[in-house]
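K.L.:
Here's a structure for you.
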Amino acid sequence: MTKILKALAIAAAIAAGSIAAHASDSEYKNNNFNPIQTGVNSLSIAPDARGASMGDLGAATDPDVNSQFWNPSKYAFAYSSAGVSLSYTPWLRKLVNDIFLANLAGYWKLGSDDNQALSASLRYFSLGEVNTTDPMGNPLQSLNPYELSFDIGYSRKLSEKFSMGVVFRYIYSDLGFSTYDAGDQTSGASAFSADIAGYYTTYPIIGRNECQWSWGWNISNIGSKVSYNNGNDPAFLPTNLRLGTAFTFPLADYNNLTLSLDLNKLLVPARPRESDYVDYSETDNSIRIEQEREYLDAVENWENMSSITGIFKSFSDAPGGFKEELQEITWSLGAEYSYNQQFFVRAGYYYENANKGNRQYFGFGAGFSLNVLRLDASYMLATAQTSPLDQTLRFTLSFDMDGLRDLLGKRR
Numbered sequence: 095m096t097k098i099l100k101a102l103a104i105a106a107a108i109a110a111g112s113i114a115a116h117a118s119d120s121e122y123k124n125n126n127f128n129p130i131q132t133g134v135n136s137l138s139i140a141p142d143a144r145g146a147s148m149g150d151l152g153a154a155t156d157p158d159v160n161s162q163f164w165n166p167s168k169y170a171f172a173y174s175s176a177g178v179s180l181s182y183t184p185w186l187r188k189l190v191n192d193i194f195l196a197n198l199a200g201y202w203k204l205g206s207d208d209n210q211a212l213s214a215s216l217r218y219f220s221l222g223e224v225n226t227t228d229p230m231g232n233p234l235q236s237l238n239p240y241e242l243s244f245d246i247g248y249s250r251k252l253s254e255k256f257s258m259g260v261v262f263r264y265i266y267s268d269l270g271f272s273t274y275d276a277g278d279q280t281s282g283a284s285a286f287s288a289d290i291a292g293y294y295t296t297y298p299i300i301g302r303n304e305c306q307w308s309w310g311w312n313i314s315n316i317g318s319k320v321s322y323n324n325g326n327d328p329a330f331l332p333t334n335l336r337l338g339t340a341f342t343f344p345l346a347d348y349n350n351l352t353l354s355l356d357l358n359k360l361l362v363p364a365r366p367r368e369s370d371y372v373d374y375s376e377t378d379n380s381i382r383i384e385q386e387r388e389y390l391d392a393v394e395n396w397e398n399m400s401s402i403t404g405i406f407k408s409f410s411d412a413p414g415g416f417k418e419e420l421q422e423i424t425w426s427l428g429a430e431y432s433y434n435q436q437f438f439v440r441a442g443y444y445y446e447n448a449n450k451g452n453r454q455y456f457g458f459g460a461g462f463s464l465n466v467l468r469l470d471a472s473y474m475l476a477t478a479q480t481s482p483l484d485q486t487l488r489f490t491l492s493f494d495m496d497g498l499r500d501l502l503g504k505r506r
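Just so we're aligned, residue 95 is where the sequence shown starts under our numbering, counting upward by one.
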């Protein structure tokens, strides 16, 4: 893998927020900093403004057009028969001005029983323009690396309160290039993955009020590895386990408040740390050489591990034991206030342990809904002043097909 290709891969990882900024080699060796390393990190970026404004959550919130990312099984409980949405996120705007994520999603309820749905989404993540030069500084190529995915899902109610869904996804990541002098040809990386999800919702009576309590889970991006180097240096997809719950209770007529919590864990084994194998204070060279050999063997085993084996290994691979395994769990806590299901105000917080990436930020947002369309916006405020994710904006425009049909019917 060439230097430029590595730079692009690192840029993609940083763009997804999975690698903490300013981490030096000595920090990797001597500290506990050990984020999970995956390929196609843009798959982990929340695409829509509603989920982002509540701290990146959505496993158990009410179904909407963008449930494909959070929990596709929620579509079976969607209130409208069909919908479509378009989301746009300028990414890392504090650093550059041409990186963005665009996401198109939609669903359609099947049959007359209102218990099943088809869904699909298309996401495109652009890393902007990258100009390459030769060792003398002469310009060579102007690249436009990008990542995209397309998926189709199916969800169905298995009872009045429970549904399940599956999604099949094609992924393409084009971060490669060719060097004319060495004839080094690289190509984009393709992969396939699948999601499986479940959603349970019930309506308990508390006092005199009918509330809603929901649970949801989604295991996403279960699939093959990706490689930009003719099958060498394969990388794990960001396979993720998301668990969530949401509780909605009425404040007054037409006024509801929803509190939600999501927990996430990447089902990817951590890359072995050199400091866990090599004792830097050891003065015996033969012992140091053996320790370094053990470390290199561990890295090789990690690189050659299958993605399915990695899922199970991810629960017991942390050198620090159970305490470090807990550090790999991120959580999001959010709230949504709605008035008459037309006006929405949202806020939330996302937390990731400092040793696993240190993404920590608040989300804020608002939305306005009419019969036909709904507009949502969100704003991310990072708690660390140096975070490149600070001041990230998202916009989502959604269309309700039932409302559009009613509007066209009235005009006729």
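Heads up, the beta-carbon is just placed ideally off N, CA and C, and yes, glycines get one too.
Does the Cβ of serine 408 have 16 or more other Cβ atoms within 10 Å, making it buried, or fewer, making it exposed?
P.N.:
Burial call: buried.
K.L.:
Quick check: serine 249 and alanine 170, are their CB atoms within less than 8 Å of each other?
P.N.:
Contact: yes.
K.L.:
Can you find a CB in chain D that lies within less than 8 Å of the CB of leucine 331?
P.N.:
In summary, chain D is missing from the structure at hand, where a single protein chain is found.
K.L.:
Going by the DSSP bridge assignment, what does arginine 263 pair with across the sheet?
P.N.:
According to DSSP, which records beta bridges pairwise, arginine 263 is partnered with Asp245, Ser287.
K.L.:
For the alpha helix (DSSP H) holding alanine 146, just list the boundary residues, first then last.
P.N.:
That run of the alpha helix (DSSP H) goes 143-147.
K.L.:
Quick one: measure Cβ to Cβ for isoleucine 60 and serine 287, integer angstroms, because I've assumed they're closer than 8 Å.
P.N.:
Look at the range of the chain in this structure, 95 to 506, and you will see that residue 60 is not part of it.
K.L.:
Tell me the residue span of the beta strand (DSSP E) that contains alanine 211.
P.N.:
Looking at the DSSP string, the run of the beta strand (DSSP E) that includes alanine 211 is 210-220.
K.L.:
Straight-line CA distance for serine 167 to glycine 292?
P.N.:
Cα to Cα, serine 167 sits roughly 5 Å from glycine 292.
K.L.:
Given this structure, state the Cα-to-Cα distance separating aspartate 47 from leucine 221, to the nearest angstrom.
P.N.:
The structure shown does not extend to residue 47, since the chain is modelled only from 95 through 506, so no value can be given for it.
K.L.:
Spatial neighbours of leucine 198 within its chain, please: CB distance less than 7 Å, with the 5 preceding and 5 following residues excluded, ordered by chain position.
P.N.:
Excluding residues within five positions, the ones whose Cβ falls inside 7 Å are Leu180, Ser215, Leu216.
K.L.:
Quick one, which of Ala346, Ala448, Phe256, Ser481 has its alpha-carbon nearest asparagine 128's?
P.N.:
Of Ala346, Ala448, Phe256, Ser481, the residue nearest in Cα terms is Ala448.
K.L.:
Looking at the unbroken beta strand (DSSP E) that takes in threonine 424, where does it start and where does it end?
P.N.:
423-433 is the span of the beta strand (DSSP E), which, as asked, contains threonine 424.
K.L.:
Could you give the DSSP three-state label for aspartate 150: helix, strand or coil?
P.N.:
Coil.
K.L.:
Less than 6 Å between C-beta atoms, sequence neighbours within five positions excluded: which residues of the same chain meet that for phenylalanine 456?
P.N.:
So the list reads Tyr443, Leu475, once near-sequence residues are dropped.
K.L.:
For the pair the segment 344-351 and the segment 143-152, tell me if three or more CB-CB distances fall below 8 Å.
P.N.:
Segments in contact, no.
K.L.:
Which residues in the same chain have their Cβ closer than 7 Å to the Cβ of aspartate 156, if we skip the five residues on either side of it in sequence?
P.N.:
Around aspartate 156: no qualifying Cβ.
K.L.:
If you count every other CB in all the chains shown that lies within 10 Å of the CB of alanine 436, and 16 or more means buried, which is it?
P.N.:
In the sequence on display, residue 436 carries glutamine and not alanine. It is exposed - the Cβ of glutamine 436 has fewer than 16 other Cβ atoms within 10 Å.
K.L.:
Grab me the residues of alanine 117's own chain with a C-beta within less than 7 Å of its C-beta, minus the 5 sequence neighbours each way, in chain order.
P.N.:
Its pLDDT being 45, under 50, alanine 117 is placed unreliably in this model, and the value from its coordinates should be taken loosely. If we look at alanine 117 and ignore the five residues flanking it on each side, its Cβ neighbours are Phe127.
K.L.:
Would you check if the distance between the CB atom of phenylalanine 163 and the CB atom of alanine 140 is smaller than 8 Å?
P.N.:
Against a cut-off of 8 Å, the Cβ pair of alanine 140 and phenylalanine 163 comes out as a contact.
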